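In our numbering, the protein residues as written are 3 to 175.
Here is the structure:
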C-alpha cells in the first residue's frame, strides 16, 4: 500500500504543478489581451447592389443562372408563379438562391415539378417556395437566399444574402 500512496502523491504534485502553470498562462494571456487594441466588428456586411436580371426575361418555373455577390458565387433566379414569403416583383413570386449546397458545396439542380433545389452529392433538398428551407438530406442549414429589389422599369437587383454561402467566412470578399 505504501507504493500506492507514493503514486497518489506524485499524481497530486503533477496536478498542482500543471494547475499552477495553467493559471500563470491564463494570467499572461489576459495581460497580453489588454495590451492589444480591440477593433469593433462592423454592424453589418455591406452587400453590392447588383443587377441580376429583368422581370421580362423570366418565365414561370424556369430558372435563370446568375452569380452573386461576386462572379465566384453561382446562383439561380426563379419566377415561381405563386406569391411566396421573401418573393419580390409585382406578383411577389421572384426568388434567388445560391446553388452551392451548404453541406459540401455540390452544385444544386432545380426540379420544376416540386420547385426544389436538389444536391446530387448527399441528397439534400431545399424548398424554393419556403425560403430555401431544407426538407431532406445532410445539410445543417437552409439554402442561402438573396435579398431582391425590383426597380420600376423591371430590373432585378440582388442586395444581400440571408445565410452564409458554402466555403466562405464572409459572403462578401
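Quick reminder that beta carbons are idealized off the backbone N, C-alpha and C, glycines included. Note that this is a predicted model, so its numbers are computed, not measured.
- Spanning the alpha carbons of residue 104 and residue 147 requires a straight line of approximately 12 Å.
- Short of 6 Å from the beta carbon of residue 114, and not among the five residues preceding or following it, lie these beta carbons of its own chain, in chain order: 63.
- Residue pairing by DSSP places residue 127 opposite 120 and 138 in a beta bridge.
- Distance between residue 59 and residue 79, taken at the CA atoms: about 11 Å.
- Look at residue 151 here: in three-state DSSP terms it is strand.
- If you ignore the 5 residues before and after residue 83, its C-beta comes within less than 7 Å of the C-beta of 62, 63 and 95, all in its own chain and listed in chain order.
- Only buried fits residue 136, as 16 or more other CB atoms lie within 10 angstroms of its CB.
- Annotation for residue 63: no beta strand (DSSP E) segment contains it, and DSSP assigns it neither H nor E.
- The segment 113-130 makes no contact with the segment 155-168; the number of CB pairs closer than 8 Å stays below 3.
- For residue 174, no beta strand (DSSP E) run applies, since DSSP gives it neither H nor E.
- When DSSP reads this structure, residue 96 sits in a beta bridge with 81 and 90.
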